[in-house]
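*Asks:*
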Amino acid sequence: MNSQTHQQLLAELEFDTLAVRAGVARTQEGEHSEAMFLTSSFVFESAAHAAARFGGTEAGNIYSRFTNPTVRMFEQR
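Quick note: the sequence shown uses numbering that gives the first Met the number 0, first residue 0, plus one each step.
Rendered as structure tokens:
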């Protein structure tokens, strides 16, 4: 799709469509909408890394009930 065709398509979209698609944070995979992280737990590099996360000295995901990238994206939108 060339730039002109893309611009023409965007010009035809209604406000609601533009609003719901605005602010998408894509990963390196290039997904169409935000990725959903369907996991309850996350991997740590080491026991010390896990301890830092659970101890609150390092930011990051621990367990989906505490932090969850899917919910965080929803909250930011």
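Glycine included, every Cβ here is placed at the ideal spot set by N, Cα and C. Bear in mind that the values here come from a model prediction, so they are computed numbers and not experimental data.
(1) Relative to the alpha-carbon of F36, which residue among E44, F43, T26, S45 has its alpha-carbon at the smallest distance?
(2) Alpha carbon to alpha carbon, how far is N60 from E74?
(3) Does the pairing of the stretch 7 to 26 with the stretch 60 to 70 give three or more beta-carbon distances under 8 Å?
(4) Just tell me which of F53, A21, A51, Y62 has its CA closest to the CA of T38.
*Replies:* In short:
(1) As a first step, residue 36 must be located in the sequence shown, where it is residue number 37. Of the listed residues, the one whose Cα sits closest to F36 is T26.
(2) Position 61 of the sequence shown, counted from the start, is the residue given in the question as residue 60. Position 75 of the sequence shown, counted from the start, is the residue given in the question as residue 74. Their Cα atoms are separated by approximately 15 Å.
(3) no
(4) Numbered from 1 along the sequence shown, position 39 holds the residue referred to as residue 38. The shortest C-alpha separation from T38 is found at Y62.
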